[in-house]
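Visitor: Residues 8 to 340, numbered by the numbering used here, are exactly what the sequence shown covers, in order. Note that beta-carbon positions come from the ideal geometry of N, C-alpha and C, so glycine has one too. Owing to the predicted nature of the structure, the values given are computational and were not obtained by experimental measurement.
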Amino acid sequence: LVEDGLFHGYLNPWAIALFAHVPWAFARDLFVGEYGLVTMGLSYGLAIVLPIVATFFTAFALLEDSGYLPRLAVMSDRVFRVMGLNGKAVLPMVLGLGCDTMATLTTRILPTRKERVLATLLLALGVPCSAQLGVILAMLAAVPFSAAAIWFAAVAGVMVSVGWLAARVLPGERGDFVIELPPMRLPALSNVLSKTVARVEWYLKEALPLFLVGTLLLFALDRLRLLDTVTRLGEPIVTGILGLPAEASAAFLVGFLRRDFAATRLFDMSRGGGLDVVQLVVAMVTITLFIPCIANVFMIAKERGWRTAGAMAAFIFPLAVAAGGVVRVLMVA
C-alpha cells in the first residue's frame, strides 16, 4: 500500500510531473531521476524500510512489555558467547533482520565498546535485512533443500568464525551478563504504542537522512560516469573467482545502495535461466555476506567513526568474495 499505492501510484508521478516544469535537467535528475532524492531516497526510506521497521518496532515493544525479551536474551547467551558477545546482542541481531541500519543504532545497549564494535561487524557481515531476506527466500524456493542448507551453513559458519576470531583480536573486555527477569504479563496497548512511536521518530531523525546522503553519493557517481567504470572493474572478480556471468557485476554494485536490489537482479537472472544451481548458491552466499548498503555504512561511520567503517568495509568485501569462491569450489567438487 505504501510503496506501490502511495509512492508509485501518487507521490512519485506527482513529483515527476512537478519537476517536468523545471528547466534545469540537473535539478530534475537530482530529485526525480534514477538516483533522485524523491524517487529513490524517500521511496526507499519511507515506502520500503519504514513499514518494515515499524512492524519490527511494534513486535519488539510487545516482546519487551510482555517480559519475554529478557528471557530470549538468557536463552541465547550461550550461543552469542561463542562469538564474543552475550545474550543482550540478540536484540540488534534480530532487529537486523528488519533493517541493519536501525540495528546498528541499537548496539548502544551493549555495555562495552568491544561488544558494540563486534556486534556492528557481525550485523554488517551476515545479517540480511528483511527486504533482502524476502528475495533470498524466493530464490531458495527454486533450488533443492540441500542447496539452501549449504547457503545457511556457509553464512552461519562465516559469522561464527569471524565472531570467534574478532573476539580474540579486538582489544577490551566483554561485559558481564546481568539482566533482570520481570514477570510475564499481558502487554499494555498504551506502552506498545508509545514505544513504537518514539522509535519511529528515532528512525526518521537518525536513519532517513543517511538514505538521502547515500542517494546523493550514487547520483554524483552516476553523473561523473563512474558507476559503469566500477562495474567493469568488478567483472574479472565476478566471472573469475565466483564463476558468475559478467552481468552479475552490476547487481553487486547496485547492492551497495540496496542489498535487496542486488538479490532481485540475481533472482531475475536465475528465473531467466542465467544461473544454474551452483551459481545461484554462490551468488546468494556472496550477496548475503557482501558490504552492507550505503546507508548502513554511513550509520557505522556515525556510530563508530569513519576509520572503523572503512576497516569493516575493507574486511567484508574480500571475505564475501573469498567465501563465495570457496563455496563454488566445494560445490563443483
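Distance check for D11 and Y17, CA to CA, integer angstroms please.
Guide: 9 Å
Visitor: What does a CB cutoff of less than 8 Å around T119 pick up in its chain, not counting 5 residues either side in sequence?
Guide: G179, E180, R181, G182
Visitor: Anyone know if the C-beta pair for A343 and I301 falls short of 7 Å?
Guide: Residue 343 cannot be examined here, being either before or after the span of the chain that is shown, 8 to 340.
Visitor: Expressed to the nearest angstrom, what Euclidean distance is found between the alpha-carbon atoms of A321 and L233?
Guide: 20 Å
Visitor: Report the option in L102, R123, A154 whose CA atom is closest to the CA atom of V134.
Guide: Cα-wise, what sits closest to V134 is L102.
Visitor: Using three-state DSSP, classify S83 as helix, strand or coil.
Guide: It is coil, neither helix nor strand.
Visitor: Inspect the beta-carbon positions of G48 and F226 and report whether they are closer than 7 Å.
Guide: no
Visitor: Keeping to the same chain, check which residues put their C-beta closer than 6 Å to that of L13; ignore five residues upstream and five downstream.
Guide: Nothing meets the Cβ criterion.
Visitor: Evaluate T62 with the Cβ neighbour count: other Cβ atoms within 10 Å of its Cβ, from every protein chain shown; 16 or more gives buried, anything less gives exposed.
Guide: exposed
Visitor: Return the residue from the list H28, A131, D72, I157 that minimises the CA-CA distance to V333.
Guide: Comparing alpha-carbon positions, the option among H28, A131, D72, I157 lying closest to V333 turns out to be I157.
Visitor: Here's a check: name, in chain order, each residue in its chain whose Cβ is nearer than 7 Å to the Cβ of M291, leaving out the five neighbours to either side.
Guide: I143, M146, W158
Visitor: So is D235 buried or exposed if we call it buried at 16+ other beta carbons inside 10 Å?
Guide: exposed
Visitor: Closest by CA to T238, which one among I248, S256, A138?
Guide: S256
Visitor: In the DSSP assignment, find the unbroken alpha helix (DSSP H) run with G262 in it and report its ends.
Guide: 255-262
Visitor: When we look at the beta-carbon of S83 and count the other beta-carbons within 10 Å, is it buried (16 or more) or exposed?
Guide: Under this definition S83 is a buried residue.
Visitor: Spatial neighbours of K121 within its chain, please: C-beta separation below 6 Å, excluding the five flanking residues on both sides.
Guide: L177, G179
Visitor: Jot down the residue ranges of each uninterrupted alpha helix (DSSP H) in the stretch 137-190, minimum 4 residues, whole runs only, in chain order.
Guide: With a minimum length of 4 residues, the continuous alpha helix (DSSP H) runs that stay inside the stretch 137-190 are 137-147, 152-176.
Visitor: So, V60 versus Y210, is the Cβ gap smaller than 7 Å?
Guide: yes
Visitor: Taking the alpha-carbon positions, what's the A174 to L231 distance?
Guide: 41 Å
Visitor: Looking only at its own chain, which residues have a Cβ that is under 6 Å from the Cβ of A155, when we skip the five neighbours before and after it?
Guide: Here the set comprises L147.
Visitor: Which of helix, strand or coil does DSSP assign to T119?
Guide: It is coil, neither helix nor strand.
Visitor: Looking at the unbroken alpha helix (DSSP H) that takes in P135, where does it start and where does it end?
Guide: No alpha helix (DSSP H) contains P135, which DSSP labels as neither H nor E.
Visitor: Do you know whose CA, among W21, L296, L129, T114, lies nearest V328's CA?
Guide: L296
Visitor: Could you give the first and the last residue of the continuous alpha helix (DSSP H) run that contains A320?
Guide: 313-339
Visitor: By DSSP, does D229 sit in helix, in strand, or in coil?
Guide: helix
Visitor: Is DSSP giving Y17 helix, strand or coil here?
Guide: helix
Visitor: Could you check how far apart the C-beta atoms of V310 and T111 are, in whole angstroms? I think they sit under 8 Å.
Guide: It should be pointed out that residue 310 corresponds to Glu in this sequence rather than to Val. Confirmed, Cβ separation roughly 6 Å.
Visitor: Is V299 buried or exposed, if buried means 16 or more other CB atoms sit within 10 Å of its CB?
Guide: It should be noted that the sequence gives Pro, not Val, for residue 299. Its Cβ being crowded by 16 or more others within 10 Å, P299 is buried.
Visitor: Counting C-beta neighbours from all protein chains within 10 Å, is the total for L125 16 or more, i.e. buried, or is it exposed?
Guide: Buried, since its Cβ has 16 or more Cβ neighbours within 10 Å.
Visitor: Expressed to the nearest angstrom, what Euclidean distance is found between the alpha-carbon atoms of V285 and A330?
Guide: 14 Å
Visitor: Please report the residue range of the alpha helix (DSSP H) in which E5 lies.
Guide: Since the first and last residues shown for the chain are 8 and 340, residue 5 lies out of range.
Visitor: Applying the criterion that 16 or more other CB atoms from any shown protein chain within 10 Å of the CB defines a buried residue, is F305 buried or exposed?
Guide: buried
Visitor: What number of angstroms, rounded off, separates the C-alpha of A163 from the C-alpha of V56?
Guide: 25 Å
Visitor: Could you check where the alpha helix (DSSP H) with A68 kicks off and where it finishes?
Guide: 57-73
Visitor: Write down the C-beta distance between G52 and M191 rounded to the nearest angstrom, noting that I regard them as a contact closer than 8 Å.
Guide: Their Cβ separation, rounded to whole angstroms, is 36 Å, which puts G52 and M191 out of contact at 8 Å.
Visitor: Let me know if P99 comes out buried or exposed under the rule of 16 or more other beta-carbons within 10 Å of its beta-carbon.
Guide: buried
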